[in-house]
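Below is one structure, written out as structure tokens; the observations come after it.
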Amino acid sequence: MSGSIEVRGLSRTFHTTVRRPGFLGAVRSLVNPERVAKHAVTDISFEVQPGELLALLGPNGAGKSTTIKMLTGILTPTAGEARVVGTVPYEERERNARNIGAVFGQRTQLWWDLPVRESFAILRDIYDVPADEHASRLREFDDLLDLSSFWDTRVRHLSLGQRVRSDLAAALLHDPPVVFLDEPTIGMDVVVKEQVREFLRYQVEERGRTVLLTTHDMTEVERLAERVVLINHGRLVLDGTLDEIRRKFGSTWQVRATLADGHAPVEPWPGVVLVRRDGPQVVFGPDGPAAPTVHQALKQVIERYEVTDIALDEAELEDVMRAAYVQAGDMAADMAGDVAGDVAAQAPARTQGG
Amino acid sequence: MAMPSALRAWRAARVTPLGELHTPPRMTAALLRLTVQVVLVASLWRGLYAATGTTAGLDREQAVTYAVLAVLATRVRELDQYSGRDTVLQHMHFGTIVYWYLRPLPPQRYYALRALGEQIYGFAWAIVGYAVCVAAGVVQPPKSAAVAGVFMVSLLLGQWVLYYIMLAIDQLCFFTLRNGAAMLILIFAQNLLSGVYAPLWFFPDWFITLSSFLPFQATLSVPLSLHVGRIQLSDAGTQLAIQAAWVVVLALLTRLVWRRAALRVISQGG
Chain A
1 MSGSIEVRGL SRTFHTTVRR PGFLGAVRSL VNPERVAKHA VTDISFEVQP GELLALLGPN
61 GAGKSTTIKM LTGILTPTAG EARVVGTVPY EERERNARNI GAVFGQRTQL WWDLPVRESF
121 AILRDIYDVP ADEHASRLRE FDDLLDLSSF WDTRVRHLSL GQRVRSDLAA ALLHDPPVVF
181 LDEPTIGMDV VVKEQVREFL RYQVEERGRT VLLTTHDMTE VERLAERVVL INHGRLVLDG
241 TLDEIRRKFG STWQVRATLA DGHAPVEPWP GVVLVRRDGP QVVFGPDGPA APTVHQALKQ
301 VIERYEVTDI ALDEAELEDV MRAAYVQAGD MAADMAGDVA GDVAAQAPAR TQGG
Chain B
1 MAMPSALRAW RAARVTPLGE LHTPPRMTAA LLRLTVQVVL VASLWRGLYA ATGTTAGLDR
61 EQAVTYAVLA VLATRVRELD QYSGRDTVLQ HMHFGTIVYW YLRPLPPQRY YALRALGEQI
121 YGFAWAIVGY AVCVAAGVVQ PPKSAAVAGV FMVSLLLGQW VLYYIMLAID QLCFFTLRNG
181 AAMLILIFAQ NLLSGVYAPL WFFPDWFITL SSFLPFQATL SVPLSLHVGR IQLSDAGTQL
241 AIQAAWVVVL ALLTRLVWRR AALRVISQGG
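First to last, the sequence lines map onto chains A and B. Mapping the first sequence onto UniProt numbering, position 318 (from 1) lands on 318, and the numbers just tick up by one. Mapping the second sequence onto UniProt numbering, position 217 (from 1) lands on 217, and the numbers just tick up by one.
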């Protein structure tokens, strides 16, 4: 399997009409509409290697879905380039369609009035999947997602969890090397979520599929993704591992230790500060951008001191992401401001250069 | 060996008929409605002709045959896509139209295959209804094999024209996100101008002239008039040519709109 995603300087701008308030405003908008440009995605670049699961994160309206739509070929970028398994998706949509599977949150691609298995059969024909391959893939998906307990039920009668599981199977029936999942587990209960996570993990680790996942569920990110791309206000603000994100935005861990010698001297070391001491009870915390991860700090404490008990309080990823979204929003705004400043600075030069 | 994709994809035509077959109450309702409509329409036209011989060039048997065939013909394209959440309007509303553009089967081909399946399935209903009505003496069969043949060709062309008219209305959704009003106007115009409510021969001359410039009468009025003998075989060639011309004009128009619709989807992202 050779799935990979390459994104270079991808941008997308939408032009919308501003509706002015009030009756007169509405008339003015009709006669003299005011068009404004909304930059949904600006100059995003990243790569996803074959067999990698990348979480594309960001608050609502950050540009995640727009990015996925460009990568699936249903939206053309204003600038930049994207390749999915070597194909430019918005130029060769049908070829790209054979290489990708997609699930868009609560939008189902199954036929509402038909039993799930009939939908699968129609997709088998549309994607031209040989019958024996189709049957063996269905068996595999059934083992992982327990589809056979409801696949003779019409889609309109499925629960949300059953429907999303069916949609996941539908997206993978033609064995695509790349899968796009836009908030696939939204609204599902924890049991089904875990089943879906197991399924995705299997598809990545055992089947080598490349998965691009957007989600607001941080447990999902924690359990599935090693690498995340964080975007906000349409700009990429971080591309790295979860540890890097924690280090950058989530410096709220604490290591609580009970020293064997209650009078032993305790000194902070680079990246770690002594938060408080009460006899043998000591609490360490992170200090500055060079702070180690909580697990590194735990190891360092054990190496430096003889301890009889040790515990850690780690910031939940959700807290980290909350901090990340806020700070990333400021960063994205700064980046946009810098670009605007550059453009403003260049404008007179261009005029002069004329 | 795998079947060629073009051959396999035709099975997308199963979508709407399968939905109906999986919903027996919907089929029962359709059967009941069709039966009641046929009985009422036949009674109405028989009543209207109680005190007259020939009106608007149609005698009683011709008028009843025309009216009942019009009811049966509506079944050909009147499957319930709405309940199956499978109208273009619903796909635009729910955002599921993106999946039409995420498959290796072009949306226009999928739409055409689905419509073909609906028409074949609807035609099976109509043919059974026709056989029952002929056996019951409600409908008179064509006067000759030649008339029957011309009628079949004309009916086929008429359904083709109707397909393009329905497609054009659905395509409106890509630009307006709403086609309810257009659909209501279409249904009324289609029923009135194609002769479902009453044969066009009963309308004033100016109305018949006006409707001759529109595609609607090519859908139903022409084939049914050929069937009952109101249009003679000698005029059939011209009528078939007009129907074929409408097929070509509407095919070109809707092809153009499909391209614009695709641009619309890929500029807005579905």
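The beta-carbon is built from N, C-alpha and C at its ideal position, and this holds for glycine as well.
{"query": "Inter-residue spacing [alpha-carbon to alpha-carbon] between ALA126/B and LEU57/A", "result": "55 Å"}
{"query": "Minimum C-alpha distance to TRP69/A - residue among PRO59/A, VAL41/A and GLN49/A", "result": "In the sequence under discussion, the amino acid at residue 69/A is Lys, which differs from the Trp named in the question. Of PRO59/A, VAL41/A and GLN49/A, the residue nearest in Cα terms is VAL41/A."}
{"query": "Contact the region 175 to 185 of chain B vs the region 225 to 237 of chain B: 3+ CB pairs below 8 Å", "result": "no"}
{"query": "Where TRP160/B sits in the DSSP three-state scheme", "result": "helix"}
{"query": "Nearest to PRO115/A (by Cα), restricted to the options ALA82/A, SER149/A, ARG93/A and ILE126/A", "result": "SER149/A"}
{"query": "Selection from GLU205/A, VAL228/A, LEU298/A and VAL301/A that minimises the alpha carbon distance to LEU213/A", "result": "VAL228/A"}
{"query": "Distance, LEU145/A Cα to VAL88/A Cα", "result": "32 Å"}
{"query": "Nearest-angstrom Cα separation, counted from ALA262/B out to ALA344/A", "result": "With a pLDDT of only 41 at ALA344/A, under 50, the local geometry of the prediction cannot be trusted, and no value is derived from it."}
{"query": "Neighbour list for ALA82/A in chain B, Cβ cutoff strictly below 8 Å", "result": "Within 8 Å Cβ-Cβ: nothing; ALA82/A doesn't reach chain B, min ~13 Å."}
{"query": "Complete runs of the alpha helix (DSSP H) confined to the region 21 to 66 of chain B [at least 4 residues]", "result": "24 to 48"}
{"query": "Listed by chain order, chain B residues near THR108/A by CB distance under 8 Å", "result": "THR96"}
{"query": "Local Cβ density within 10 Å of GLU190/A, reported as buried at 16 or more and exposed below that", "result": "It should be noted that the sequence gives Val, not Glu, for residue 190/A. Label assigned to VAL190/A: exposed."}
{"query": "Beta-carbon proximity of GLN243/B to GLY158/B, cut-off 9 Å", "result": "yes"}
{"query": "Meets three-Cβ-pair contact criterion under 8 Å: the region 201 to 219 of chain A and the region 26 to 46 of chain A", "result": "no"}
{"query": "Any chain B beta carbon closer than 9 Å to GLY61/A", "result": "no"}
{"query": "GLN167/B: contacting residues in chain A (beta-carbon distance under 9 Å)", "result": "One point to set straight first is that residue 167/B is Leu, not Gln, in the sequence displayed. Here the premise fails: no neighbours, minimum Cβ distance about 20 Å."}
{"query": "LYS38/A - DSSP class collapsed to helix/strand/coil", "result": "strand"}
{"query": "Cross-strand partners of SER11/A (DSSP beta bridge)", "result": "ALA79/A"}
{"query": "Separation of VAL282/A from ASP261/A, as counted between CA atoms", "result": "11 Å"}
{"query": "Straight-line gap, ILE186/A to THR76/A (C-alpha atoms, nearest Å)", "result": "26 Å"}
{"query": "Counted within 10 angstroms of its Cβ, other Cβ atoms place ASP205/B as buried (16 or more) or exposed", "result": "exposed"}
{"query": "Beta carbon of ARG193/B nearer than 9 Å to that of SER154/B", "result": "Here residue 193/B is Leu; the residue named in the question, Arg, does not match the sequence. In this structure, SER154/B does not lie closer than 9 Å to LEU193/B by Cβ."}
{"query": "Distance, GLY47/B Cα to THR16/B Cα", "result": "37 Å"}
{"query": "Chain A contact for PRO106/B (CB, 9 Å cutoff)", "result": "yes"}
{"query": "Endpoints, beta strand (DSSP E) assigned at LYS240/A", "result": "According to the sequence as given, residue 240/A is Gly; it is not Lys. Residues 235 to 241."}
{"query": "Assigned exposure category for ALA97/A - 16 Cβ within 10 Å defines buried", "result": "buried"}
{"query": "Backbone CA spacing between HIS39/A and PHE207/B [nearest angstrom]", "result": "53 Å"}
{"query": "ARG14/B to GLU20/B span [Cα, whole Å]", "result": "10 Å"}
{"query": "Cβ-Cβ distance between ALA225/A and LEU53/A below 9 Å", "result": "yes"}
{"query": "Where ILE44/A sits in the DSSP three-state scheme", "result": "strand"}
{"query": "Residues bridged to ASN232/A [DSSP beta-bridge criterion]", "result": "ARG235/A"}
{"query": "Contact set between ARG85/B and chain A, taken where Cβ atoms lie within less than 7 Å", "result": "TRP112"}
{"query": "Near-chain B residues of the region 167 to 196 of chain A (beta-carbon distance less than 7 Å), N- to C-terminal order", "result": "none"}
{"query": "Nearest residue (CA-CA) to PHE104/A, options PHE94/B, LEU34/B, LEU105/B and PRO106/B", "result": "PHE94/B"}
{"query": "Short Cβ contact (9 Å threshold) for TYR164/B with LEU253/B", "result": "yes"}
{"query": "Under 7 Å by beta carbon: chain A residues contacting LEU102/B", "result": "THR72, ILE74, ALA97 and ALA102"}
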